[in-house]
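K.L.:
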Amino acid sequence: MLWIILAIIVFIVAATLLLFRLEDLSHLDRDDYPIKDATPSEANREVLGRIRELGQSSKGLRGKARLMALRKHMDGLSEGIELASELRHCESPRGEWVLAPGCDTRRRILYIHGGAWAAGSPRSHRAITDRLSQITRAAVFALDYRLMPENRFMDGVRDCREAYKWLLKHGPDGAEPVDFM
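Under my numbering, the first residue of the sequence shown is numbered 499, with each subsequent residue one higher.
1) Going by C-alpha to C-alpha distance, which of P620, P538 and G574 sits closest to E551?
2) What does the alpha-carbon distance come out to for the pair A541 and C601?
3) Ordered along the chain, which non-local residues of its own chain (more than five positions away) have a Cβ less than 6 Å from that of D653?
4) Only counting runs of 4 or more residues, tell me where the alpha helix (DSSP H) segments fall wholly within the region 603 to 639, in order along the chain.
5) Are the Cβ atoms of E674 and R604 separated by less than 9 Å?
6) Taking a contact to mean a Cβ-Cβ separation below 9 Å, would you say L666 touches L641 in this structure?
7) Is it right to say I610 is buried, meaning 16 or more other beta carbons lie within 10 angstroms of its own, or is it exposed?
8) Does the Cβ-Cβ distance between F639 and G593 come in under 9 Å?
9) Take L568 and list the residues in its own chain whose beta-carbon comes closer than 6 Å to its own, dropping the five residues that flank it on each side.
10) At what residues does the alpha helix (DSSP H) containing V655 begin and finish?
11) Can you tell which of R621, Q632, P532 and M646 has its C-alpha closest to the C-alpha of H587?
12) Grab me the residues of M572's own chain with a C-beta within less than 8 Å of its C-beta, minus the 5 sequence neighbours each way, in chain order.
13) Please report the Cβ distance between A598 and Q554, rounded to the nearest whole angstrom; I am assuming they are in contact, meaning their Cβ atoms lie under 8 Å.
14) Quick one: grab the DSSP three-state call for F518.
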């Protein structure tokens with residue numbers, strides 16, 4: 499019995515040494531890396547300001563009134579932003595296509611916006627989906643899934659699942675198979 503345990507230990511040690519031959523990375527152990535004195539960028543300050551505004555927009559409100567104020571503020575985040583993409587409303591599934599100039603409609607991205615399943619919409623995330631379509635040269639579908647508390651959590655999840663299935667067979671111009679999803 500003892501020889502079996504000893505054989506297992508030897509096997510484990512040998513396998514470890516063979517499989518995990520470690521490269522000597524000691525040349526990376528140095529502490530003289532330059533540290534940059536950086537200040538937050540203007541874009542960083544703008545984002546932080548918008549986050550503060552989000553909190554201020556619902557200050558003093560409770561319950562549904564607070565949620566409605568947050569939703570209204572979030573939807574206003576894209577106002578005044580010049581978008582390069584074409585926006586096309588879609589009724590079923592509910593959402594909008596975001597199409598950057600020259601994008602390939604057979605390449606598709608399903609964009610499920612943030613907002614804890616209670617806030618947000620394709621409109622509130624247009625700056626993101628516009629840029630995403632430009633960078634990927636893909637058609638982005640921003641889903642307007644059902645939100646809580648008006649709907650159950652799983653209703654929003656089902657909307658996401660159904661939209662994914664639909665996108666596999668449909669593009670912004672109708673029925674069209676997908677090349678990349």
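Using N, Cα and C, we set each Cβ at its ideal position, and we do this for glycine too.
P.N.:
Let me lay it out:
1) Position 53 of the sequence shown, counted from the start, is the residue given in the question as residue 551. Minimum Cα distance to E551 is reached at G574.
2) The residue you call residue 541 lines up with position 43 of the sequence shown. The residue you call residue 601 lines up with position 103 of the sequence shown. One C-alpha to the other measures close to 27 Å.
3) The residue labelled residue 653 in the question sits at position 155 within the sequence shown. For D653, where only same-chain residues beyond five positions count, the Cβ hits under 6 Å are R644.
4) Complete alpha helix (DSSP H) runs here, min 4: 624 to 634.
5) For the purposes of this step, residue 674 is taken as residue 176 along the sequence shown, with counting starting at 1. For the purposes of this step, residue 604 is taken as residue 106 along the sequence shown, with counting starting at 1. Cβ distance < 9 Å, so E674 and R604 count as in contact.
6) Taking the sequence shown and counting its residues from 1, the one referred to as residue 666 is at position 168. Taking the sequence shown and counting its residues from 1, the one referred to as residue 641 is at position 143. Cβ distance not < 9 Å, so L666 and L641 don't count as in contact.
7) The count along the sequence shown starts at 1 and reaches residue 610 at position 112. Classification of I610: buried, given that the 10 Å Cβ count is 16 or more.
8) Within the sequence shown, the letter at position 141 stands for residue 639. Within the sequence shown, the letter at position 95 stands for residue 593. It is a contact, given that the beta carbons lie within the stated cut-off.
9) Counting from 1 along the sequence shown, the entry for residue 568 is found at position 70. Same-chain partners within the cutoff: S556 and A617.
10) Position 157 of the sequence shown, counted from the start, is the residue given in the question as residue 655. F651 to L665 is the span of the alpha helix (DSSP H), which, as asked, contains V655.
11) Indexing the sequence shown from 1 puts residue 587 at position 89. Among R621, Q632, P532 and M646, the Cα nearest to that of H587 is on R621.
12) Mapped onto the sequence shown, residue 572 falls at position 74. Excluding sequence neighbours, M572 sits near L552, G613, A617, G618, S619 and S622.
13) Your numbering for residue 598 matches position 100 in the sequence shown. Your numbering for residue 554 matches position 56 in the sequence shown. The Cβ separation is near 33 Å, so there is no contact.
14) Counting from 1 along the sequence shown, the entry for residue 518 is found at position 20. Looking at F518 - three-state DSSP - the assignment turns out to be coil, as it is neither helix nor strand.
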